[in-house]
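Single-structure report; data block below.
Residue numbers (UniProt numbering): 1 to 277.
Below, the structure is given as structure tokens:
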């Protein structure tokens, strides 16, 4: 039997706890989460709660497990044969790693945008329509494509060339198209793994502005190496580092302003101020 995680409007499975800091409700809660590749513990004992409709940034030095943690939130690590997750990841109160949860449904509700823009070798229109079509969408496809492209701040630039190849777009446009493709299936969460690292400064600012706009409707979790970017765009920041065994650990998770101005851990302060990493 396969159990799908239900959309909130349909009655979500399990409860969603209220945030004590007034940031809203938690949409994802990691509890004692460990990630293994074979016998190697890549990330150890993560406990963190992601508030709804906020931008949470994950920062830390290379190799600390930022992307690994991000991919745990929609079971992308399932695609790696040696990967194994221990602990829980609760989405709207339900553990997405329960045996009766459908990982495909998890990824529909928790979308992902990757570091390098990866449009399909299809038309702009078909890139946006693809996900909804395979999910059995029966509504007005033209209206849905326009809505997704408008939400990704791309409609005005491509409305007259929807039947042209998406590969002809600029890098920044391709990344916004990938964001449009992700939100077309109406997820609650968008995961972003270094979404602007391959873009020029102007395209990067457009992606950052878009993320702020999208956070009014979606919860966004973004991995970034750029601390200035994390400080600019995020409401909350999680700082990861590595121990002597090269295992990634969550050192501190708090409101972004506090992380960057008054961190509670010396390792966080040392990283923020450039003393290591």
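Using N, Cα and C, we set each Cβ at its ideal position, and we do this for glycine too.
The model shown is predicted, which means the values in this text are computed figures rather than measured ones.
Check your understanding: Just reading off the alpha helix (DSSP H) that residue 287 is part of, what are its end residues?
Key -> Since the first residue of the chain shown is 1 and the last is 277, residue 287 is not available in this structure.
Check your understanding: Just the Cα atoms here: how many angstroms apart are residue 93 and residue 104?
Key -> Cα to Cα, residue 93 sits roughly 18 Å from residue 104.
Practice item. For the alpha helix (DSSP H) containing residue 284, list its first residue and its last residue. Key: As shown, the chain starts at 1 and ends at 277. That puts residue 284 outside it, with no answer to give.
Practice item. Go ahead and pull the three-state DSSP assignment for residue 47. Key: In the three-state reduction of the DSSP assignment, residue 47 falls in the strand class.
Review point. In chain order, what residues of the same chain have a beta carbon less than 7 Å from the beta carbon of residue 118, not counting five sequence neighbours either side?
Key: Hits under 7 Å: 178.
**Study point:** the region 197-207 in contact with the region 30-48 per 3-pair CB rule at 8 Å
**Key:** Flag = no, the region 197-207 and the region 30-48 do not touch.
**Study point:** CA-to-CA distance, residue 112 to residue 182, given in whole angstroms
**Key:** Cα-Cα distance, rounded: 7 Å.
Review point. How is residue 41 classed by DSSP in three states: helix, strand or coil?
Key: If DSSP states are grouped into helix, strand and coil, residue 41 belongs with the strands.
Review point. Shortest alpha-carbon distance to residue 249 belongs to which of 96, 36, 65 and 28?
Key: In terms of Cα proximity to residue 249, the closest of 96, 36, 65 and 28 is 65.
Review point. Which residues does DSSP pair with residue 253 in a beta bridge?
Key: According to DSSP, residue 253 bridges with 238.
Check your understanding: Are the beta-carbon atoms belonging to residue 57 and residue 234 less than 7 Å from one another?
Key -> Against a cut-off of 7 Å, the Cβ pair of residue 234 and residue 57 comes out as a contact.
Exercise for review: Could you check the C-alpha separation between residue 175 and residue 238 for me, to the nearest Å?
Suggested key: If I take the Cα positions, the gap works out to 24 Å.
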